[in-house]
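**Q** Sequential numbering of the sequence shown, starting at 870, is according to my numbering.
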Amino acid sequence: MIKLFKRWEEVIDKLEKLLTAVSKLQRAVRKEMKSNEAIVEINRHQIGLIELSDVDTTKQMSDSERKIYLQKAESIWANDVFQKEVGNIIQKQMEFAVCQTSGQDQTYIARGTINGVSLLHERLEELHNEYQELSKPPQVPGKDFDRFKMIPE
């Protein structure tokens, strides 16, 4: 009985060490994956997924339709809940892909999910940047601007 008890203590010690090692690994993975752009890019090439350049829904829109579309995209991009949720989804999927998948199929699905969410995030960022460019007020020449002056001094 005492031998069995000691054996269980050894097993428990080994499990605690294993859990500590897994916890350290997870922390390292989280720290390493804060910048996920490289991982997303690698996933796209390895799995053969589409890239952001393949997605442009605004090509066939008129200028007025495009401006309205960009305003709507801007409202989504500016929403802090959207930003937090996208980051959280990507982080959780990365953790799952690295630490919890039980097979290659689950890893591919997790990587595909990361790619899809990242595509959405990147596309909305691209639309946000375009909206910001369109929303800039036109530059007005300064007071000392002389429109009749041919050569600047």
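Even for Gly, the Cβ is constructed at its ideal location relative to N, Cα and C.
Assuming Met963 is part of the alpha helix (DSSP H), what are its boundary residues?
**A** Note, Met963: alpha helix (DSSP H), Asp949 to Cys968.
**Q** Rounded C-beta distance between Ala810 and Phe965? I'm assuming under 8 Å.
**A** The chain is shown from 870 up to 1022; residue 810 falls before or after that span and cannot be answered.
**Q** Where do the N-terminal and C-terminal ends of the alpha helix (DSSP H) with Asp932 fall, by residue?
**A** Looking at the DSSP string, the run of the alpha helix (DSSP H) that includes Asp932 is Asp932 to Trp946.
**Q** Apply the 10 Å Cβ neighbour rule to Asn984 and answer buried if 16 or more other Cβ atoms are within range, or exposed otherwise.
**A** Counting Cβ neighbours within 10 Å, Asn984 comes out buried, since at least 16 surround it.
**Q** For Gly972, which of helix, strand or coil comes out of DSSP?
**A** DSSP places Gly972 in coil when its eight states are reduced to three.
**Q** Counting C-beta neighbours from all protein chains within 10 Å, is the total for Met838 16 or more, i.e. buried, or is it exposed?
**A** Because the chain here runs from 870 to 1022, residue 838 falls outside it and cannot be looked at.
**Q** Tell me, please, whether the stretch 937-954 touches the stretch 969-977 by the rule of three or more beta-carbon pairs shorter than 8 Å.
**A** Counting Cβ pairs under 8 Å, fewer than three are found: no touch.
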